[in-house]
Amino acid sequence: MRAAVLSSFDAPPAYRDHPDPATTGDGEMVVEVLAAGLHHLTRSKATGAHYSSNGVFPLVPGVDGVVRDPAGRLRYAVLDDTSLGTFADRTVIDVRRSVLLPEGADPVRIAAAMNPGMSSWVTLRRRIAFQPGQRVLIIGATGNAGRMAIQIAKLFGAGHVIAAGRDASRLAALTALGADEICTFDEIQRAADVDVVLDYVWGEPAASAMIPMLTARADRTAPLTWIQIGSMAGASAPIPSAALRAARLEIIGSGIGSVPARDFLAELPQLAAAIAGDTIEVRAKAVPLADISRAWTAADTGDRLVLVP
């Protein structure tokens with residue numbers, strides 16, 4: 091078969107021949123890959139930047155995808171701990187880590203949206219006890235995951251959603267997705283009285299935002315849960331000690347490990363149904379798998395790239 095194969099951390103994958111997959115354990119099946127998203131998680135695992143990367147080569151990247159099983163049914167499958175991912179004609183899945191998709195589901199749409207959508211969906215459903223009517227700030231709202239987080243927070247009943255980012259022109263388009271308010275990072279104090287922060291940026295911007303936000307809160311004893319999801323601005327953030335003493339601030343993370351795998355899997359059917367049913371806007375661009383080397387280093391255009399046979 092043909093696959094995108096990564097041989098080192100410092101070079102893009104090459105499209106070449108690769109041994110056919112074979113099952114090795116119970117619950118496994120060989121499937122045909124129809125669509126696989128080129129996610130930030132995929133890149134960071136493949137380059138060793140993600141905490142779950144194992145550094146084993148050769149590696150076929152791809153942490154998830156839409157596949158056709160031997161019975162002809164479409165499934166969304168997660169493969170986040172294997173050296174044979176979804177950037178291939180065929181792969182091996184554990185059927186217990188997959189869900190059947192609704193009839194007529196668009197493989198490209200599902201492959202583009204499940205991974206970025208999962209971050210906020212699982213966070214609000216499983217990581218915290220989110221309540222309808224709560225106010226939410228999304229830091230890094232102009233990216234794919236952030237755009238979806240706006241819509242998902244509204245779907246779960248958020249009373250007010252504030253979208254924050256660097257690019258004012260890209261922020262302006264987010265009101266159409268349900269954002270009640272937008273602000274740049276230097277205006278972050280306007281979001282002082284939220285209940286929940288979904289942070290896709292971290293790094294210095296997150297640390298710099300905390301004191302202005304906490305200082306401007308009408309009631310510093312009101313709980314504020316800051317959830318670290320992504321780290322586009324840096325893996326470390328110099329949190330001021332005063333932020334943890336001067337207000338009722340709780341900082342937690344949401345991701346692989348902090349949320350049990352069974353909880354992720356339990357949420358997949360509802361998320362897939364919401365994406366397939368056009369409840370959530372998805373920006374996707376299909377790219378041939380043969381063009382993986384070019385796609386791997388392509389500039390961010392706002393569309394989620396999805397590799398197809």
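Sequential numbering of the sequence shown, starting at 91, is according to my numbering.
Backbone N, C-alpha and C fix where the C-beta goes; we use that ideal spot for every residue, glycine too.
| Query | Result |
| --- | --- |
| Measuring CB to CB, does Val-284 end up less than 8 Å from Val-226? | yes |
| Can you tell me which of the three DSSP states Ile-183 falls into? | strand |
| Can you check DSSP and say which residues form a bridge with Arg-394? | Ala-374 |
| Which runs of the beta strand (DSSP E) fall wholly inside the region 190-238 and span at least 3 residues, in chain order? | 225-229 |
| Out of Arg-338, Gln-241 and Gly-345, which one is the CA nearest neighbour of Asp-309? | Arg-338 |
| Name the DSSP beta bridge partners of His-250, please? | Arg-225 |
| Just how far apart, CA to CA, sit Leu-304 and Val-153? | 37 Å |
| What's the call for Gln-224, buried or exposed, on a 16-neighbour Cβ count within 10 Å? | buried |
| In the region 284-343, which residue ranges form an unbroken alpha helix (DSSP H) of at least 4 residues, counting only runs that do not cross its ends? | 293-306 and 331-335 |
| Please state if the CB of Ile-329 and the CB of Tyr-290 are separated by a distance shorter than 8 Å. | no |
| For the alpha helix (DSSP H) that contains Ile-365, what are its first and last residues? | 351-366 |
| When the Cβ atoms of the region 333-347 are set against those of the region 360-379, are three or more pairs found closer than 8 Å? | no |
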